[in-house]
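In this text, residue positions in the sequence shown follow the working numbering: the first is 664, and each later residue adds one.
Quick reminder that beta carbons are idealized off the backbone N, C-alpha and C, glycines included.
This structure is a prediction, so every number in the text was calculated from the model and none was measured.
This report concerns only the one structure given below.
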Amino acid sequence: MSEEQKKSDNRPRPTTEAFRAFVRDGWAPRPDARPERAEVALYAAARRDAVSAAYPGERLVIPAGGLKVRSNDCDYTFRPHSAFAHLSGFRADCEPDTVLVMHPRPEAEGGGHESVIYTRPLAGRDTEEFFADARYGEFWVGARPTLEDIEAEFGLAARHIDELPDALAKDVGVTVLRVVRDADRDVAATVDQVRAEAGVSGAAQDEALAHDEALAAFLSHLRMVKDEWEIDQMRAAVDATQVGFEAVIADLRGAVERGRGERWVEGLFGLHARHQGNGTGYDSICAAGDHANTLHWIKNTGEVRAGDMILLDAGVEVDSLFTADITRTLPVDGTFTDAQREIYDAVYAAQQAGMDAIKPGAKFSDIHAAAIRVIAEHLHGWGLLPEGVSVDDTLDTETGQYHRRWMVHGTSHHLGIDVHDCALATREEYMDAELRPGMILTVEPGLYFKSDDELAPERFRGQGVRIEDDVLVTETGYENLSAGMPRTSTEVEAWIAEVQAR
Ligand code: GLY
Ligand code: MN
Ligand code: MN
């Protein structure tokens, strides 16, 4: 219970011994059956093997994190930390406060690591928690798995969370201890205490913090090439996202007629995201008309008007926590105006150029370079760059960049268990790295003409377009995982007509 919650606990419920005894008994026995081994378990074990090889002899602590207070005694829905989920295989239904510890095994015992899950297991019916604990109790939030359930499902040893502090303190000072700090402040504080008790201070403490950061960066980079199970999850996320987009398309008229249409669109997509998977992988951007020019428009308070376009940037996060990240810019009444099509087709050409740059051995940054050249060519063709500035001039990163007035963001990012996956990887590992089969990336150029942009042609003002697809790097090039969702202006119009006629 947080301090804030303790202060506001003005509704104590006295219990008598007789009541406790009454609540404890009279329940059917717990089922004996254990869950089946999850398919992900083998893949998660291989990921841990890679970590083990990189950190021989070290103790590694990867927390899932805890509940975060939203307000007073209400918490946000729990989502485990991505590094934890990746290495354990745990899903959205993971219990808060769970921690994965990789204990180094002595060389004499074969070396490597023993991976152990520390968690708060299902409490007995004879405990106060069973009926009285609103945050963790079975009466309130449901039954947690037992340690045996976890071992059966994930093939990981499981122990009570109360054993964690001693487990972390073991051999400290002899064995290097690293923790993913941002996953759980309480666990990081326990590690700090263990280090302090072992006399780690000053430069040694700074070095320990640097070790922690290096582990988090390593685990982020580890997710860059997806295994076949992860690729399947991404396919499922993309398919679920298409369901959500088509539900929005089917009711575009409703969004116009009801008023506050952006919220209607957000709700429709969210309904399907929650129904198909765990929910949305990030706050949906439902941006009609001029709102499309606010890159992260998530207020979604606006009207959806006939004649406008609506930019919908949304993705379903499936139960394994992998998320799609797809954008379509749709003409609200089914047909682009000439000016809208002009912008749209320019963005489409840029996106296709970005996709065409994707093949093993190409650099990640080649995707943006290819797409932004096409954007710059169109802006130049429309006469929007300053007098005398050529396409090559504006593309010069030292002296140009005028085109960024109309597309300030990058074209691509890695995608997976996080929408901006692998974000802690270094520049060499990310921007400057070569593409490799198994990487999953977005390709998402855009053009944004604000309604008050006096440099933009009048016909473009108040309109923004982004097209975003999720692409798998293959041995020979790429596969557009979201190819099931039409992209060209003509195909988008046909798609809207087809979905609305269903
Ligand atoms: N939806 C956020 C992004 O496209 O990166
Ligand atoms: Mn994106
Ligand atoms: Mn997006």
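Limits of the unbroken alpha helix (DSSP H) element including residue i
| i | result |
| --- | --- |
| S745 | S745 to S751 |
| T853 | R848 to E860 |
| R926 | G924 to Q939 |
| F1030 | For the sequence presented, residue 1030 should be read as Ile rather than Phe. Its alpha helix (DSSP H) spans residues F1027 to G1044. |
| V1071 | That residue, V1071, is in no alpha helix (DSSP H); it is neither H nor E in DSSP. |
| P726 | Segment R722 to P726 is the beta strand (DSSP E) holding P726; no alpha helix (DSSP H) there. |
| A771 | Note, A771: premise wrong, no alpha helix (DSSP H); not H, not E. |
| D812 | L810 to F817 |
| V984 | The displayed chain sequence assigns Leu, not Val, to residue 984. Element bounds for L984: n/a, residue is neither H nor E. |
| W803 | E801 to V804 |
| G917 | L915 to R921 |
| V686 | E680 to R687 |
Sub-7 Å separation of residue i and residue j beta-carbons
| i | j | result |
| --- | --- | --- |
| D789 | P698 | no |
| V981 | G940 | yes |
| G952 | G1125 | yes |
| S1017 | T904 | The sequence given here places Gly at residue 1017; Ser does not occur at that position. No, the Cβ-Cβ distance between G1017 and T904 is not below 7 Å. |
| R807 | L785 | yes |
| E966 | C949 | no |
| H884 | E1091 | no |
| D1132 | V1106 | yes |
| S1145 | L1104 | no |
| A871 | V863 | yes |
| L763 | F741 | no |
| H766 | E777 | yes |
| L958 | I973 | no |
| V835 | V857 | yes |
| R926 | N963 | yes |
| T990 | R1129 | yes |
| E1097 | G997 | no |
Secondary structure of residue i, DSSP reduced to three states
| i | result |
| --- | --- |
| Q1064 | coil |
| F999 | coil |
| E909 | helix |
| L785 | coil |
| S778 | strand |
| L993 | strand |
| P1149 | coil |
| I1006 | helix |
| L958 | coil |
| V843 | coil |
| E702 | coil |
| G942 | strand |
| E1050 | coil |
| V835 | strand |
| T904 | helix |
| D895 | helix |
Where the beta strand (DSSP E) containing residue i begins and where it ends
| i | result |
| --- | --- |
| M765 | V762 to P767 |
| D606 | Residue 606 is absent from the structure shown; the chain starts at 664 and stops at 1165. |
| S734 | V732 to S734 |
| D976 | M972 to A977 |
| H1076 | Counting along the chain, H1076 falls outside any beta strand (DSSP E), and DSSP gives it neither H nor E. |
| T1057 | Per DSSP, T1057 belongs to no beta strand (DSSP E); it is in the alpha helix (DSSP H), V1054 to L1058. |
| L1104 | I1103 to V1106 |
| H874 | That residue, H874, is in no beta strand (DSSP E); its alpha helix (DSSP H) goes G865 to L885. |
| A1088 | A1088 -> no beta strand (DSSP E), and no H or E assigned at all. |
Opposing strand residues paired with residue i [DSSP bridges]
| i | result |
| --- | --- |
| Q1126 | F1112 |
| Y1141 | V1136 |
| C757 | Partner(s): none; C757 has no beta bridge. |
| D738 | V732 |
| H823 | T782 |
| V888 | Beta-bridge pairing links V888 to no other residue. |
| A950 | L974 |
| E1166 | The structure shown does not extend to residue 1166, since the chain is modelled only from 664 through 1165, so no value can be given for it. |
Distance cut-off 6 Å: residue i Cβ against heavy atoms of ligand 4
| i | result |
| --- | --- |
| T990 | What this structure holds is ligand 1, ligand 2 and ligand 3, not ligand 4. |
With a cut-off of 6 Å, give the chain-ordered residues whose Cβ is closer than this to any heavy atom of ligand 2.
-> Counting only beta-carbon distances shorter than 6 Å to the non-hydrogen atoms of ligand 2, the qualifying residues in chain order are D988, H1076, T1105, E1107 and E1131.
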